[in-house]
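Written below as structure tokens is the structure these notes are about.
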Amino acid sequence: MKQEYTLSIFTENHIGMLHRVTIIFTRRHINIESITASQSEVEGIHRYTIVIREELEQVQKVVKQIEKQVDVIRAHYHKTDELIYQEIALYKLSVSAIRDGLGIETIIRENNARLLTIEKDHLIIEKTGHKEETAELFEKLKPFGIVEFVRSGRVAIMKDTVNEFEKLEYNEEV
Amino acid sequence: MKGSEFSSAGNLKGTYSFPDNFNPELNKPAKVSGAEAIIKSLLMEGVETIFGYPGGAIMPVYDALYDYRDKVNHVLTRHEQGAVHAAQGYARASGKVGVCFATSGPGATNLITGIADAFIDSTPLVCITGQVGSFLLGTDAFQETDVVGISMPVTKWNYQVTNAEEIPTAIANAFYIAKSGRPGPVVIDITKDAQFSEFVYYYQSAKKIRSYQPKPKLNIEQVKAAATLINKSEKPLVLFGQGVSLSGADTEFRKFIEKTGIPAAWTLLGISSLPTTHPLNVGMLGMHGNYGPNKLTNEADLIIAIGMRFDDRVTGDLKRYATNAKIIHIEIDDAEIDKNVKTDVAVHADAKEALTSLVNFVDKKNHEKWLSSFNTLYDEEFDQVISKEIKPDAGKLRMAEVVKKLSEKTPDDTIVVTDVGQHQMVTARYFEHSGKSLSITSGGLGTMGFCLPASMGAKIGSTDKSVLAIIGDGGFQMTIQELATIAQYKIGIKIVVLNNQFLGMVRQWQELFFESRYSFTEMTNPDFVKIADGFGIPGRRLDQREHLDSSIDEMLSTEGPYFLEVMVEQEDNVFPMVPTGASVSEIRLS
Ligand SMILES: Cc1ncc(C[n+]2csc(CCOP(=O)(O)OP(=O)(O)O)c2C)c(N)n1
């Protein structure tokens, strides 16, 4: 059965690394639902968070093929409930949304969103949360006329602690 | 010497130490160009031969090479595909890393087929490609292609150097990665400005890369679990692949099967690890393999797969594969474990280490009755297929009888290289391996055109061995230009073209599965003997059975390269055969 899995991949920070990782999905005809790349807690080591919907067996094979890449330090897969995760969404609305006095302030407050900025013509609202939450806010803001909308990929941290970088130590000289 | 952690220019990191063959003269810190640094680094890695083809973006390297002609041998092939296949043949015959050079753009793209071939067949290569100047990258400059991008899916590792100071580290890592663990090809793409610019050169070979673990630690619990299954099994079957020879485990492998008395069957690339006549050798697996091992795969109660990857040509329909068996998989590459066939016990380790340990835990046994069931099926195969192939009463020559004869007449330690198609399967089936011989063929990719250049590389990598190239008339024409290289460097290989005037293997499929609709598989060929002669290679055409012996004798007694064209039965089929989609036990004898 296809299910949502989140992959955490730790790599050296080399040019082209992301390509090396993503072609493994391409080869197996797997669609990437979301992807985030950033530095990890260790300098020089990058971390990708990739969300896919797949069957467990397929996910396991992909993770092994990713981990096999020379510059990949570690790769894991998780079911959603093993993770703490967030996404961030930005909504751009016309300033008239405030003037209309239709309770946009209440919507922002009730949804734990915040008003990032008000420009001459536009205002920008930010919300962090799970996809369903940012989607819900999208629906609520729709009547005000959303000029632009963007949602980030997922960032996720495991609930359990593991030493990601033990591999760096156990690699022996050969 | 002890390694030290340091970070060189750029972002390559690793622990480095002096190479075993540390040559202080070569490695005196001195100001050199990037191009010269490339050559010096190759020498530091012990490279003796480079196969290559020059062009604009790699000219500084060729210029630097000019001063090192007495230290390293460069073979100018006639096409970059020839260079890369030659490097593959060289690597597989010598056990060393094959090295090739090509220029940017078309030079580099011409390497890709060979790189993909080396990737799927785990052959260690370091391919160095020139690239346009770093300031031109991404601008569609003349002969610019994204070589790193193009080669990424088919390399174990690749790296683009834009700064001369990165060259020693990049090359050190390239060799280390190519040859360690499960070997594979590496591409280092070096911009022209990096080749020109000067820096203070100093080389340290790589012994470790922090993100890379080439050899998993042997887990003794896995070994014991495997032994338990083996000791309990009544009908065990060993399947072995190239992993055995790659890990240098031929001896340990033989000890293991001899102690346990387990029948052993081979994949196309495992072939030469066990003599053909060994009593436990029950033949080839897969599509055109032997009757016994295919049929009995579904009777075995235990499969012990060693250094093989359950390719679909070996397994047939996976749903109906090894239906009664538990599976042990001894494999160095974790990504191969459970990829195609679910294992009961995985031994994630180097084959040699695993077998060295495993042999201590297994009981001495023999499986006479089980083994004799393979022999019974072999006899059936012999009567229905083999006898007619190797001793036809009339008609044109058959591929099998030619191969059989070549096998009898060539020395025990011959390196036999094949291309792709019917002749390849026939050679795998009928060429007898002595334990000292070696087979080189394009297995995973099935690359037509592989054989001719690979055999020249094999000969250069193993000059004291005789090298026999067996090729189809189709594949021969894919890299026929390398006859010029063979002639120029007097590479003493014996070339046999089995000419059926068809793309034989495709024609066979058309006959069997497409109602004999021979859609574009018939060829009107040129006069090959004349062509060879034009290149300066002596040869002859053979179409009569009574001249088979004498022609082969003439070929083998001729000094240097020789070309023998054998006109064979045009519409011969290779049997047995497991049709695509069928289960291995549905193997057909006709
Ligand atoms: C580069 C490449 N193109 C196409 C094929 C598909 N193919 C596999 S076998 C074969 C026929 C080979 O004919 P020939 O070289 O004459 O050898 P034969 O089968 O007759 O021994 C073809 C076209 C291939 N394997 N490689």
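As you go down the protein sequences, you meet chains A and B in turn. Going by numbering that gives the first Met the number 0, the first sequence opens with residue 0, and the numbers climb by one from there. Going by numbering that gives the first Met the number 0, the second sequence opens with residue 0, and the numbers climb by one from there. Glycine included, C-beta positions come from ideal geometry on N, C-alpha and C. Predicted, not measured: the structure shown is a model, and the values here were computed from it.
Chain A residues whose Cβ lies nearer than 9 Å to that of residue i
i: Lys-338/B; result: Lys-60, Lys-63, Gln-64
Beta-carbon spacing of residue i, residue j below 8 Å
i: Ala-427/B; j: Cys-450/B; result: no
i: Gly-285/B; j: Arg-312/B; result: yes
i: Glu-53/A; j: Lys-1/A; result: yes
i: Ile-331/B; j: Pro-184/B; result: no
i: Ala-263/B; j: Val-222/B; result: no
i: Ser-584/B; j: Asn-323/B; result: no
i: Ile-57/B; j: Ala-86/B; result: no
i: Ile-187/B; j: Tyr-158/B; result: yes
i: Ser-204/B; j: Met-43/B; result: yes
i: Ile-327/B; j: Leu-437/B; result: no
i: Ile-414/B; j: Ala-90/B; result: no
i: Leu-217/B; j: Ala-345/B; result: no
i: Arg-153/A; j: Glu-81/A; result: no
i: Phe-562/B; j: Gly-538/B; result: yes
i: Ala-225/B; j: Leu-357/B; result: yes
Any non-hydrogen atom of ligand 1 within 7 Å of residue i CB
i: Glu-505/B; result: The amino acid at residue 505/B is misidentified as Glu; the sequence shows Val. Yes; taking the cut-off as 7 Å, the Cβ of Val-505/B has a heavy atom of ligand 1 nearer than that.
i: Phe-527/B; result: no
i: Met-286/B; result: no
i: Leu-497/B; result: yes
i: Leu-502/B; result: yes
i: Gln-87/B; result: no
i: Val-419/B; result: yes
i: Thr-446/B; result: yes
i: Gly-471/B; result: yes
i: Gly-269/B; result: no
i: Met-566/B; result: no
i: His-422/B; result: yes
i: Gly-474/B; result: yes
i: Met-477/B; result: yes
Contacts that residue i makes with chain B (C-beta to C-beta distance below 7 Å)
i: Glu-11/A; result: Ser-210
i: His-18/A; result: Gly-148, Met-151
is_contact[residue i, chain A] using C-beta, thresh 8 Å
i: Val-344/B; result: no
i: Gly-148/B; result: yes
i: Lys-155/B; result: yes
Contacts of residue i in chain A (Cβ-Cβ under 8 Å)
i: Ala-334/B; result: Lys-60, Lys-63, Gln-64, Glu-66, Lys-67
i: Ile-176/B; result: Val-69
Residue i at chain B interface by Cβ criterion, 8 Å
i: Val-71/A; result: yes
i: Gly-27/A; result: Residue identity differs from the one stated: residue 27/A is Arg in this sequence, not Gly. Closer than 8 Å: no.
i: Ile-8/A; result: no
Cross-chain neighbours of residue i in chain B, by beta carbon under 9 Å
i: Ile-22/A; result: Met-151, Pro-152
i: Gly-15/A; result: Val-147, Gly-148, Met-151, Asn-157, Tyr-158, Gln-159
Chain B contact residues for residue i, given Cβ-Cβ distances below 8 Å
i: Gly-102/A; result: Ordered by position in chain B, no residue passes the 8 Å Cβ test against Gly-102/A, which lies about 50 Å from the chain.
3 or more residues per run - each beta strand (DSSP E) lying fully within the stretch 87 to 116 of chain A
none
Ignoring anything shorter than 4 residues, give me the alpha helix (DSSP H) runs that lie fully in the stretch 338 to 379 of chain B, in order along the chain.
350 to 357
Alpha helix (DSSP H) runs contained entirely in the stretch 274 to 301 of chain B, provided each spans 4 or more residues:
290 to 296
Which ranges would you report for the beta strand (DSSP E) in the stretch 17 to 92 of chain B if only whole runs of at least 3 residues count?
29 to 32, 48 to 51, 72 to 75
If we require 3 or more residues per run, which beta strand (DSSP E) segments fall completely within the stretch 108 to 174 of chain B?
Counting whole runs of 3 or more residues, the stretch 108 to 174 of chain B contains the beta strand (DSSP E) stretches 124 to 130, 156 to 160.
Runs of 3 residues minimum, wholly inside the stretch 452 to 480 of chain B: which ones carry the beta strand (DSSP E) assignment?
466 to 471
Continuous beta strand (DSSP E) assignments of at least 3 residues falling wholly in the stretch 172 to 236 of chain B
184 to 190, 197 to 200, 204 to 207
Length at least 4, wholly inside the stretch 479 to 543 of chain B: the alpha helix (DSSP H) runs in chain order:
List check, alpha helix (DSSP H) in window: 482 to 487, 503 to 512, 527 to 534.
Of all the beta strand (DSSP E) runs that stay within the bounds of the stretch 15 to 58 of chain A, which reach a length of 3 or more residues?
Those beta strand (DSSP E) runs which fall completely within the stretch 15 to 58 of chain A and span 3+ residues are 31 to 38, 44 to 53.
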